[in-house]
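Engineer: One structure follows; several queries about it will come next.
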Amino acid sequence: MRVPTWLLPHLITIERYRGEGPVGSVYWPPGGPVRALVSEKVRTVRDRTGAEVTSTAQVIAAPDLDCPPQSLITLPSGRKTTALHVAAHTAPGLPLPQSTEVFAE
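Numbering (this note's numbering), first residue to last: -6 to 98.
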């Protein structure tokens, strides 16, 4: 079961991280708007290397969200932020909605 779209009132845009180039990070062109639930709240989380970092926004979206760590996310407020950690939430066999959670810088 997927998270219902009525629980995802915001629209975000993602520029997926592609890798490092000769002049820094390289991103794919922005995709179309993605439905999400955005909370701009300061939290301490761990990044992909395990280091403690401060997350200033958390995003919950559909389970098929394609947002690798280090991707750029444009929030509904217009602020651009970087994905620190991406977590898939699944509960096979339980009547709980599946979703993807992104912790952003």
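Using N, Cα and C, we set each Cβ at its ideal position, and we do this for glycine too. Note that this is a predicted model, so its numbers are computed, not measured.
(1) Does the stretch 32 to 48 come within contact of the stretch 9 to 18, defined as at least 3 CB pairs closer than 8 Å?
(2) I'd like the list of long-range same chain contacts for residue 86, defined as Cβ closer than 6 Å, with 5 residues on each side in sequence excluded.
(3) How many Å lie between residue 50 and residue 65 at the Cα?
(4) Could you tell me which residues DSSP puts in a beta bridge with residue 6?
(5) Could you pull the start and end residues of the beta strand (DSSP E) that residue 76 belongs to?
(6) Counting pairs of Cβ atoms below 8 Å between the stretch 25 to 33 and the stretch 46 to 62, do you hit three or more?
Structural biologist: Let's see:
(1) Result no; under three Cβ-Cβ pairs closer than 8 Å.
(2) Within the sequence shown, residue 86 is the residue found at index 93, counting from 1. Result list for residue 86: empty, nothing under 6 Å.
(3) Translated into positions along the sequence shown, residue 50 becomes position 57. Translated into positions along the sequence shown, residue 65 becomes position 72. Cα to Cα, the separation comes out at about 12 Å.
(4) Within the sequence shown, the letter at position 13 stands for residue 6. DSSP output for residue 6 lists 67 as bridge partner(s).
(5) Along the sequence shown, read from residue 1 onward, the residue named residue 76 stands at position 83. Residue 76 -> beta strand (DSSP E) spans 73 to 82.
(6) yes
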